[in-house]
Amino acid sequence: RERTGQGMYLDIGLMDAVVSWMTPLALGPYFAQGVVPERGQMPLAGGLPCYQVYPTGDGRYLTLAALEPHFWAAFCEAVDHPEWIPRQLDPALKDELRALFRQRTLAEWLALLDQVDACVEPVVTVEEMLNHPQVRARGHVRVEGGRPVGMAPPFVFVPRERPPAPRLGEHTREILRSIGYTPAEVEALDTEGVVKA
Numbered sequence: 005r006e007r008t009g010q011g012m013y014l015d016i017g018l019m020d021a022v023v024s025w026m027t028p029l030a031l032g033p034y035f036a037q038g039v040v041p042e043r044g045q046m047p048l049a050g051g052l053p054c055y056q057v058y059p060t061g062d063g064r065y066l067t068l069a070a071l072e073p074h075f076w077a078a079f080c081e082a083v084d085h086p087e088w089i090p091r092q093l094d095p096a097l098k099d100e101l102r103a104l105f106r107q108r109t110l111a112e113w114l115a116l117l118d119q120v121d122a123c124v125e126p127v128v129t130v131e132e133m134l135n136h137p138q139v140r141a142r143g144h145v146r147v148e149g150g151r152p153v154g155m156a157p158p159f160v161f162v163p164r165e166r167p168p169a170p171r172l173g174e175h176t177r178e179i180l181r182s183i184g185y186t187p188a189e190v191e192a193l194d195t196e197g198v199v200k201a
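First residue of the sequence shown? That's 5 in my numbering, and the numbers climb one at a time after it.
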């Protein structure tokens, strides 16, 4: 309202967002056929060898999301296992893929598969996520002094500068003065360690 003259009411719950993700991952078969989802067995939640998270040889992880046949075929060709192409949905292939991915480091796998259209991506660390070019380009990370200090919400209704959360004591002097403390009293409270101003 301050910027556009129009107000809006948003009712967004964290649980709402998480529950909405359940439908494509597990609840579709439940609603359609009454199939109760089992941990690690649903197609998009660990049930398919072609759509899975695998550990690499250096203790890192990568995601393989080659659900569509052309992505799967590209992956199999790139790793010199064209015989796996017809086995895309074979649960026994998970063990073979685990063994394969343990043969190289994450960096080696990414170097090999970087130019292959096979839906393979790293599972990144917090530090890698905070410095990811896409995350930075979208303005999700608040940086001060070259260091990430906070996250911005993933939605923007009105483009504007996003200030960081106040630092401890940042507004103490203003607040104390607004409720009647004199500058000398505020200074005394700060000196005595009663407040941080």
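Idealized CB from N, CA, C, for every residue including glycine.
- Task: Identify which residue in Glu-42, Pro-137, Lys-200, Leu-71 has its Cα closest to the Cα of Ala-122.
- Result: Of the residues Glu-42, Pro-137, Lys-200, Leu-71, the one whose Cα lies closest to the Cα of Ala-122 is Leu-71.
- Message: What does the Cβ neighbour count give for Phe-35, buried or exposed, with the cut at 16 atoms within 10 Å?
- Response: Under this definition Phe-35 is an exposed residue.
- Task: Write down the C-beta distance between Leu-93 and Leu-52 rounded to the nearest angstrom, noting that I regard them as a contact closer than 8 angstroms.
- Result: 6 angstroms
- Inspect the CB distances between the segment 79-99 and the segment 131-144 and report whether three or more fall short of 8 angstroms. Cβ pair count under 8 angstroms is below three, so no.
- Query: So, helix, strand or coil for Val-198, using DSSP?
  - Reply: coil
- Query: At a cut of 8 angstroms, does the segment 101-118 reach the segment 41-60 through at least three beta carbon pairs?
  - Reply: Counting Cβ pairs under 8 angstroms, three or more are found: they touch.
- CB Leu-48 to CB Tyr-55, shorter than 8 angstroms? yes
- Name the one or two DSSP bridge partners that Pro-152 has. Val-147.
- Element boundaries [alpha helix (DSSP H), containing Thr-176]: 176-182
- What does DSSP give as the partner residues of Ala-69 in its beta bridges? Tyr-55
- Distance, Cα to Cα, Asp-15 vs Ser-24? Answer to the nearest angstrom: the Cα atoms are 15 angstroms apart.
- Message: In the DSSP output, which residue or residues are listed as bridge partners for Pro-95?
- Response: According to DSSP, Pro-95 shares a beta bridge with no other residue.
- Query: Which first and last residues belong to the beta strand (DSSP E) in which Glu-87 is found?
  - Reply: No beta strand (DSSP E) holds Glu-87; DSSP gives it neither H nor E.
- Message: Give me the residue from Gly-173, Pro-73, Gln-45 with the minimum Cα distance to Arg-91.
- Response: Pro-73
- Return the Cβ separation of Phe-79 and Val-128 in integer angstroms, given the expectation that the two are a contact with Cβ distance under 8 angstroms. The beta carbons of Phe-79 and Val-128 sit about 20 angstroms from each other, so the pair does not count as a contact at 8 angstroms.
- Query: Per DSSP, Glu-112 is paired with what?
  - Reply: Answer is none; Glu-112 lacks a bridge partner.
- Task: Excluding the 5 residues preceding and the 5 following Asp-194 in the sequence, name in chain order all residues of the same chain whose CB lies nearer than 6 angstroms to its CB.
- Result: Excluding sequence neighbours, Asp-194 sits near Ala-201.
- Please determine, among Leu-101, Gly-143, Thr-8, the residue with the shortest C-alpha to C-alpha distance to Ala-69. Leu-101
- Item | Backbone CA spacing between Asp-20 and Asp-99 [nearest angstrom] | 35 angstroms
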